[in-house]
Amino acid sequence: MKIAVLPGDGIGTEIVAEAIKVLKALDLNFEMETALVGGAAYAAHGHPLPESTLKLAKEADAILFGAVGDWKYDNLERRLRPEQAILGLRKNLGLFANFRPAICYEQLVGASSLKPELVAGLDILIIRELTGDIYFGQPRGRRMATDGPFPGAEEAFDTMRYSRPEVERIAHVAFQAARKRSKRVTSVDKANVLETFQFWKDIITEVGQQYPDVSLDHMYVDNAAMQLVKAPKKFDVIVTGNMFGDILSDEASMLTGSIGMLPSASMNASNQGLYEPSHGSAPDIAGKGIANPLATILSAAMMLRFSLNQEAAAQRIEAAVQTVLQQGLRTADIYSEGTTRVSTVEMGSAVVKAL
Ligand code: NAD
Numbered sequence: 243m244k245i246a247v248l249p250g251d252g253i254g255t256e257i258v259a260e261a262i263k264v265l266k267a268l269d270l271n272f273e274m275e276t277a278l279v280g281g282a283a284y285a286a287h288g289h290p291l292p293e294s295t296l297k298l299a300k301e302a303d304a305i306l307f308g309a310v311g312d313w314k315y316d317n318l319e320r321r322l323r324p325e326q327a328i329l330g331l332r333k334n335l336g337l338f339a340n341f342r343p344a345i346c347y348e349q350l351v352g353a354s355s356l357k358p359e360l361v362a363g364l365d366i367l368i369i370r371e372l373t374g375d376i377y378f379g380q381p382r383g384r385r386m387a388t389d390g391p392f393p394g395a396e397e398a399f400d401t402m403r404y405s406r407p408e409v410e411r412i413a414h415v416a417f418q419a420a421r422k423r424s425k426r427v428t429s430v431d432k433a434n435v436l437e438t439f440q441f442w443k444d445i446i447t448e449v450g451q452q453y454p455d456v457s458l459d460h461m462y463v464d465n466a467a468m469q470l471v472k473a474p475k476k477f478d479v480i481v482t483g484n485m486f487g488d489i490l491s492d493e494a495s496m497l498t499g500s501i502g503m504l505p506s507a508s509m510n511a512s513n514q515g516l517y518e519p520s521h522g523s524a525p526d527i528a529g530k531g532i533a534n535p536l537a538t539i540l541s542a543a544m545m546l547r548f549s550l551n552q553e554a555a556a557q558r559i560e561a562a563v564q565t566v567l568q569q570g571l572r573t574a575d576i577y578s579e580g581t582t583r584v585s586t587v588e589m590g591s592a593v594v595k596a597l
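Residue 243 is where the sequence shown starts when you use the working numbering, and the numbers rise one by one after that.
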């Protein structure tokens, strides 16, 4: 089992180190190789996704990814910005299906920004299409009134697009995932305004006819954003496009207590996956030893389940996370009175001990 480890920037290195500690404690036969990505790779090699890193990722059975991005690179031209590394990996490896489970652990009900009764027992799955939509649309750019430099640009544009096969394949992923849960899919779109999303809605409906045992409803994204904080437990599987999924899954993270709790898996057609926390590199807390490593540790559990065929080990990690929460251990983001505040490293060590 070959795992490419790409810690990236900011808290990426801190949280990935804890996930590796946990993986090593399982005593399974992993081969792990680490490479630079994002700002760290740009600083060393002049590119956020060097050929060698991409090669390692392509050859691995699974990729454990931290996060990329740093404010100090905000003024670089777009193709060299750290965030291009994750977009490049998704595109190059065809990682079109992003799974973001939002589960509110019983012990963290109080850490959610919503009332306990709204989130207790919450278990929803957001499936975000990951390689299409406006994030990958062409053309994109800025138009100038004259031939002056960019600060003089008059207009900027990105293009939203989806192709039929792209929507069909994510629809199948969503309906199949729903079959293993409570057989309900909500497709989130903006069909009332955007042609791309009327197309999306039509195709999701068409594919849905092949899954008569799964119920399907459609919701506009603005309403979905509201319903997620009004009555989140009404949802089961949400399927949506790249941009709406990006935004809604961050919103959903607060239902669970903290974005530091939300794992994710991005899969391609041959079950190769990239596993990363849903959050970014958090430069505001990087290097302070306070980042929550649990989203990354839970992402490692998803990796064991989806790409490495190690269901029992995945369950052991998830149970160990429950145990440390039960013990009252909390990083700063999920801390509340009466619990014990621990650092990133202490949280990782506690999970290892619980294993
Ligand atoms: P962010 O997710 O990094 O941080 C948002 C807030 O959540 C911050 O206050 C941060 O301190 C907190 N937070 C995030 N993860 C946490 C954790 N594990 N424990 C405790 N608190 C945590 O989003 P941002 O601030 O908008 O972006 C920072 C950088 O990350 C940017 O450069 C952005 O482009 C990049 N980014 C990268 C990815 C990725 O690598 N996949 C995803 C999102 C953002």
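Every residue, glycine too, gets a C-beta built ideally from N, C-alpha and C.
Under 6 Å Cβ to Cβ from residue i, same chain only, skipping five residues before and after it: list those, please.
{"i": "residue 243", "result": "272, 303 and 550"}
{"i": "residue 398", "result": "384"}
{"i": "residue 335", "result": "510"}
{"i": "residue 263", "result": "590 and 594"}
{"i": "residue 581", "result": "570 and 572"}
{"i": "residue 408", "result": "374"}
{"i": "residue 592", "result": "566 and 571"}
{"i": "residue 656", "result": "Examination of residue 656 is not possible in this model, given that the chain is present from 243 through 597 alone."}
{"i": "residue 525", "result": "252, 312 and 313"}
{"i": "residue 292", "result": "283"}
Go through its chain and collect everything with a Cβ distance to residue i's Cβ below 7 Å, but skip five positions before and after it.
{"i": "residue 522", "result": "309 and 311"}
{"i": "residue 586", "result": "256, 257, 260, 531, 532, 533, 535 and 573"}
{"i": "residue 425", "result": "455, 456 and 457"}
{"i": "residue 324", "result": "251, 280, 281, 284, 290, 310, 311, 312 and 315"}
{"i": "residue 372", "result": "332, 337, 338, 339, 340, 484 and 508"}
{"i": "residue 460", "result": "429, 431 and 443"}
{"i": "residue 527", "result": "253 and 533"}
{"i": "residue 415", "result": "339 and 369"}
{"i": "residue 355", "result": "496"}
Quick check on the burial criterion: 16 or more other C-beta atoms within 10 angstroms. Buried or exposed for residue i?
{"i": "residue 278", "result": "buried"}
{"i": "residue 514", "result": "buried"}
{"i": "residue 552", "result": "buried"}
{"i": "residue 435", "result": "exposed"}
{"i": "residue 357", "result": "exposed"}
{"i": "residue 317", "result": "exposed"}
{"i": "residue 465", "result": "exposed"}
{"i": "residue 286", "result": "exposed"}
{"i": "residue 288", "result": "exposed"}
{"i": "residue 556", "result": "buried"}
{"i": "residue 419", "result": "buried"}
{"i": "residue 554", "result": "exposed"}
{"i": "residue 294", "result": "exposed"}
{"i": "residue 578", "result": "exposed"}
{"i": "residue 541", "result": "buried"}
{"i": "residue 506", "result": "buried"}
Measuring CA to CA, which of the options is closest to residue i?
{"i": "residue 267", "options": "520, 543 and 524", "result": "543"}
{"i": "residue 545", "options": "254, 486 and 265", "result": "265"}
{"i": "residue 529", "options": "245, 246 and 253", "result": "253"}
{"i": "residue 453", "options": "373, 462, 413 and 476", "result": "413"}
{"i": "residue 213", "options": "520, 305, 276 and 407", "result": "Here the chain has residues from 243 to 597 only, and residue 213 is not among them."}
{"i": "residue 188", "options": "405, 417 and 419", "result": "Within the shown structure, residues of the chain are numbered from 243 to 597, placing residue 188 beyond reach of any answer."}
{"i": "residue 517", "options": "547, 526 and 490", "result": "547"}
{"i": "residue 359", "options": "411, 476 and 561", "result": "476"}
{"i": "residue 300", "options": "347, 322, 320 and 246", "result": "246"}
{"i": "residue 347", "options": "410, 564 and 320", "result": "564"}
{"i": "residue 468", "options": "292, 489, 588 and 423", "result": "489"}
{"i": "residue 449", "options": "422, 421, 411 and 472", "result": "411"}
{"i": "residue 445", "options": "322, 292 and 417", "result": "417"}
How about residue i and residue j: are their beta carbons less than 8 Å apart?
{"i": "residue 427", "j": "residue 458", "result": "yes"}
{"i": "residue 403", "j": "residue 447", "result": "no"}
{"i": "residue 307", "j": "residue 248", "result": "yes"}
{"i": "residue 539", "j": "residue 559", "result": "yes"}
{"i": "residue 275", "j": "residue 298", "result": "yes"}
{"i": "residue 491", "j": "residue 370", "result": "yes"}
{"i": "residue 562", "j": "residue 596", "result": "yes"}
Once the 5 residues before and after residue i are set aside, which same chain residues still bring their CB inside 8 Å of it?
{"i": "residue 494", "result": "342, 344, 366, 368, 470, 474 and 504"}
{"i": "residue 401", "result": "376, 379, 380, 381 and 382"}
{"i": "residue 583", "result": "572, 573, 574 and 577"}
{"i": "residue 602", "result": "Nothing can be reported for residue 602, as the shown portion of the chain is limited to 243 through 597."}
{"i": "residue 421", "result": "453, 455 and 456"}
Return yes when the C-beta of residue i is under 7 Å from any heavy atom of the ligand FAD, and no when it is not.
{"i": "residue 464", "result": "Among the ligands present in this structure, namely the ligand NAD, the ligand FAD is not found."}
| said: Across the region 318-338 and the region 361-370, are there enough close Cβ pairs to call them in contact, namely three or more that are closer than 8 Å? | reply: A contact is defined here as three or more CB-CB pairs under 8 Å, and the region 318-338 fails this definition with respect to the region 361-370.
| query | Per the contact definition of three or more C-beta pairs closer than 8 Å, is the region 343-358 in contact with the region 496-509? | reply | In short, these stretches touch, since the Cβ pair count reaches three.
| query | Looking at C-beta atoms only, is the number of pairs between the region 464-480 and the region 413-431 that lie closer than 8 Å three or more? | reply | Contact check between the region 464-480 and the region 413-431: three or more CB pairs, one atom from each, fall below 8 Å, which counts as touching.
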